[in-house]
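In my numbering, the protein residues as written are 2 to 457.
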């Protein structure tokens with residue numbers, strides 16, 4: 002299997018903090034059919050909806066099955082709508098992603114929630130390691146992920162890996178297998194988004210001779226091939242709705258039936274699944290079964306995008322340079338600075354390809370690289386194909402385009418306000434903290450704007 006990250010031996014950070022301090026948050030129902038119910042944030046997130054798997058389960062029929070969630074991170078509490086039907090509201094405005102202060106009242110259907118933040122703190126475990134298998138990261142975001150993965154690896158629990166394309170989900174799945182008691186068994190991968198619907202059932206469960214045209218012999222499916230090991234279902238969000246009950250039945254019964262026979266065969270497998278789609282949103286849209294989602298998400302782990310862990314870029318870039326050249330040649334500071342400012346919509350996979358390409362062809366001039374990126378982000382009257390990334394699939398092209406717009410918009414506002422963050426946030430109609438988070442995500446500082454200085 003080709004490696005996106007060259008992890009090597011596990012590195013340990015000397016005297017690294019073993020936990021991350023975050024606010025202690027509870028949601029309290031202050032109006033509606035479930036008034037008085039409370040739920041505390043567990044593991045950094047509390048999910049709200051009518052489905053039984055939520056942290057805060059509501060009986061309000063105007064609330065979606067997976068309505069919204071509160072995510073707690075150092076210094077902020079974020080409210081995120083999960084594609085609900087009737088929307089999530091703060092101060093009468095429908096919101097999708099918003100930083101919320103203590104005491105905020107949140108409307109979901111006919112229910113009102115209050116966000117309570119205690120003076121006491123909660124602590125999230127951090128790993129002392131800077132790698133998990135071939136996945137690298139010394140940032141707090143990645144060490145938090147590693148801490149969960151290290152615990153999950155020693156169990157047989159089903160794991161659902163989420164995150165954007167290129168964040169390393171397949172490598173994490175392989176590392177989970179390699180660190181488990183099943184390491185000597187097979188690791189079988191099925192890409193649910195890469196095969197026709199009429200073939201995927203046979204790929205998963207196998208078939209007998211004569212089951213369909215072209216079935217000239219009996220054949221094992223992925224579950225039988227992975228017996229005693231791990232089956233990894235990549236892009237599980239693309240699994241056809243008609244096959245989802247059969248997968249759920251196989252997970253529950255630990256048995257499979259090949260196409261063309263009623264005979265059940267026992268299998269002993271551990272399931273790891275991955276998707277770059279927000280499955281909770283897909284459940285609300287009716288394209289993914291709620292019961293299958295909760296069966297897969299026994300342990301759900303989101304891999305952060307590269308732009309959310311920019312501190313790891315120098316480490317990753319140097320490791321790729323060493324991998325492709327055999328030497329640990331340092332990169333120029335100006336080039337590293339340019340790399341830190343990029344959005345990397347393709348995440349670590351894009352960084353790896355960037356390093357490999359430039360090791361082969363020669364490193365670009367950092368100033369020229371920055372100018373080229375700004376030009377690519379700027380509006381153009383040329384043919385759309387000149388600026389729209391038509392060489393990418395729609396979902397990836399949309400991400401690239403939105404990243405370019407966000408970066409250009411923020412830079413333009415800061416330029417208009419002379420680098421005054423508070424004023425720019427007011428013009429944008431968002432909170433100063435939200436605007437700062439957007440700046441950080443885009444790799445922009447107010448001091449980068451001519452004549453600008455951070456206003457504190």
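Here a beta-carbon is modelled for each residue, glycine too, at the ideal position from N, C-alpha and C.
- Distances from the CA of residue 132 to each of 111, 437, 165, 176 were compared; the closest alpha carbon is that of 176.
- With fewer than 16 neighbouring CB atoms inside 10 Å of its own CB, residue 264 falls in the exposed class.
- Residue 79 sits close to residue 100, with the two beta carbons spaced by under 7 Å.
- The criterion of a C-beta distance shorter than 7 Å is satisfied by residue 321 and residue 356.
- Runs of the alpha helix (DSSP H) lying entirely within the region 214-258 and spanning at least 4 residues, in chain order: 223-226, 245-254.
- Ranking 260, 130, 157, 420 by CA distance to the CA of residue 144 puts 130 first.
- Between the alpha carbons of residue 340 and residue 166 lies a gap of roughly 19 Å.
- In this structure, residue 106 places its C-beta atom within 7 Å of the C-beta atom of residue 113.
- Scanning its chain for C-beta atoms nearer than 7 Å, with the 5 sequence neighbours on each side dropped, one finds around residue 267 the residues 255, 256, in chain order.
- With respect to the 7 Å criterion, residue 289 and residue 230 are not classified as neighbours on the basis of their beta carbons.
- Counting C-beta pairs closer than 8 Å gives three or more between the region 225-241 and the region 271-289, which meets the contact rule.
- Annotation note: the region 83-147 contains the following uninterrupted beta strand (DSSP E) runs of length 3 or greater, listed N- to C-terminal: 89-91, 94-96, 98-100, 106-109, 112-126.
- Residue burial is scored here from C-beta neighbours: residue 415 has at least 16 other C-beta atoms within 10 angstroms and is therefore classed as buried.
- In this structure, the alpha-carbon of residue 434 lies about 13 Å from that of residue 75.
- The residue among 307, 328, 242, 260 with its C-alpha nearest the C-alpha of residue 293 is 242.
- The region 157-164 and the region 296-304 touch, with no fewer than 3 CB-CB distances between them shorter than 8 Å.
- Of the residues 103, 68, 73, the one whose Cα lies closest to the Cα of residue 90 is 68.
- Residue environment: residue 326 is assigned as exposed (fewer than 16 neighbouring CB atoms within 10 Å of its CB, all protein chains considered).
- For residue 411 and residue 441, the gap between their C-alpha atoms comes out near 11 Å.
- In the structure shown, residue 306 adopts coil according to DSSP, grouped into three states.
- Taking C-alpha positions only, residue 422 is separated from residue 183 by approximately 52 Å.
- With a 10 Å radius around the Cβ and a threshold of 16 neighbouring Cβ atoms, residue 362 comes out exposed.
- In the DSSP assignment, residue 267 falls outside any alpha helix (DSSP H) and lies within the beta strand (DSSP E) extending over 265-267.
- Residue 310 counts as buried, since no fewer than 16 other beta carbons sit within 10 angstroms of its beta carbon.
- Unbroken beta strand (DSSP E) runs of no fewer than 3 residues, entirely contained in the region 147-183, are found at 160-163, following chain order.
- The region 271-317 contains, as complete alpha helix (DSSP H) runs of 4+ residues, the segments 280-285, 291-297 (chain order).
- A direct Cα-Cα distance of roughly 44 Å separates residue 87 from residue 261.
- Judged by their CB atoms, residue 218 and residue 210 are nearer to each other than the 7 Å cut-off.
- Here the alpha carbons of residue 179 and residue 244 stand approximately 29 Å from one another.
- Here residue 72 is not near residue 23, since their CB atoms are 7 Å or more apart.
- Cβ-Cβ separation between residue 346 and residue 168: approximately 11 Å, too far for a contact (criterion under 8 Å).
- Remark: C-beta atoms of residue 33 and residue 61 approach each other more closely than 7 Å.
- In the assembly as shown, residue 19 is an exposed residue. Its beta-carbon has fewer than 16 other beta-carbons within 10 Å.
- Under the criterion of beta carbons closer than 8 Å, residue 59 and residue 47 do not qualify as touching, at roughly 12 Å.
- Counting C-beta atoms within 10 angstroms of its own C-beta, residue 308 has 16 or more neighbours from the protein chains shown and is therefore classed as buried.
- By the Cβ neighbour-count rule, residue 286 is exposed, with fewer than 16 other Cβ atoms within 10 Å of its own.
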